[in-house]
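What follows is a set of notes on a single structure, which appears directly below.
In the working numbering, the protein residues as written are 2 to 227.
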């Protein structure tokens, strides 16, 4: 059975295009025109992926996203917005979104993002990942170092999971953007450095040794401190 996708978007013309395109790809598609209705449908129908507009009447997309995550919702969330500043992108991703697209967009590009997100969940099995004294339970999305629990945002979790699945392997910036964000921020690529800094601060909060190291001109690597 194909995956179920919920569209939460107040522009009926966009809903019509998305519904037709996603259905043509074989997905089961539901739609809501406001945040409150969309939140109820997401909780009741348990879609595999939510295409969520940021600017919604009443309850906006950020609040819908945060409420889904607060309720332990494990749906993938692809956020749509007309806002295109780096701070808007970070805010949207930190609210719990898995990916982010700026309007206007091409339908084929959105479908590619949907396929990439769903493919990622199909190939990654639930397990506890570990490296030295760092562990990550992918079923609960809980990280810990020694006996200290670490609270992570959605993107911090994605970054850490990627590193733990590829220990001691140098990951290029391009590879990280592709696997964690699904696309390259281009000239605004300092977003990766910002998230690496956030993640290091949390992993080293109690003075633990550094595990995520910079490979200058290339990317980053999870390895022992020499």
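We put the beta carbon where it would ideally sit given N, CA and C, even for glycine.
Say whether the stretch 96-115 touches the stretch 10-28, bearing in mind that this needs 3 or more beta-carbon pairs closer than 8 angstroms, one atom from each stretch.
-> yes
Going by alpha carbons, who is nearest to residue 134 out of 38, 27, 92 and 151?
-> Within the chain shown, residue 134 is the residue found at index 133, counting from 1. The shortest C-alpha separation from residue 134 is found at 151.
Can you name the start and end residues of the alpha helix (DSSP H) that residue 24 belongs to?
-> As a working note, residue 24 is residue 23 in the chain shown. 13-25 is the span of the alpha helix (DSSP H), which, as asked, contains residue 24.
Mark residue 157 as exposed unless 16 or more other C-beta atoms lie within 10 angstroms of its C-beta, in which case mark it buried.
-> Residue numbering aside, residue 157 sits at position 156 when the chain shown is read from its first letter. Buried: at least 16 other Cβ atoms inside 10 Å.
Output the boundary residues of the alpha helix (DSSP H) element that contains residue 67.
-> On the chain shown, position 66 is the one that residue 67 refers to. From DSSP, the alpha helix (DSSP H) with residue 67 extends over 62-71.
Buried or exposed by the 16-neighbour rule on C-beta atoms within 10 Å, applied to residue 62 | By one-based count along the chain shown, residue 62 stands at place 61. The residue is buried, with at least 16 neighbouring Cβ atoms inside 10 Å.
Could you give the residue range of the beta strand (DSSP E) that holds residue 32?
-> Here the question's residue 32 lines up with position 31 in the chain shown. Start and end: 29-33.
Which same chain residues, not among the five before or five after residue 13, have their C-beta less than 8 angstroms away from its C-beta?
-> Within the chain shown, numbered from 1, the residue matching residue 13 stands at position 12. Taken in chain order, the residues that qualify are 34.
Among all the DSSP beta bridges, which residues are the ones paired with residue 158?
-> In the chain shown, counting from the first residue as 1, residue 158 sits at position 157. Bridge partners of residue 158: none, in fact.
From which residue to which residue does the alpha helix (DSSP H) around residue 200 run?
-> Taking the chain shown and counting its residues from 1, one reaches residue 200 at position 199. 191-204 is the extent of the alpha helix (DSSP H) around residue 200.
Would you kindly check if the distance between the Cβ of residue 121 and the Cβ of residue 97 is under 8 angstroms?
-> Counting from one through the chain shown, the residue named residue 97 turns up at place 96. Counting from one through the chain shown, the residue named residue 121 turns up at place 120. It is not a contact, given that the beta carbons lie outside the stated cut-off.
Give the range of the alpha helix (DSSP H) segment to which residue 77 is assigned.
-> Looking up residue 77 in the chain shown gives position 76. Not the alpha helix (DSSP H): residue 77 falls in the beta strand (DSSP E), residues 77-82.
Of the residues 7, 168, 54 and 164, the one placed nearest residue 181, counting alpha carbons only | Indexing the chain shown from 1 puts residue 181 at position 180. Comparing Cα-Cα distances from residue 181 to each of 7, 168, 54 and 164, the minimum goes to 164.
Opening and closing residue of the alpha helix (DSSP H) in which residue 38 lies | Locating residue 38 in the chain shown gives position 37, where the first residue counts as 1. Its alpha helix (DSSP H) spans residues 36-46.
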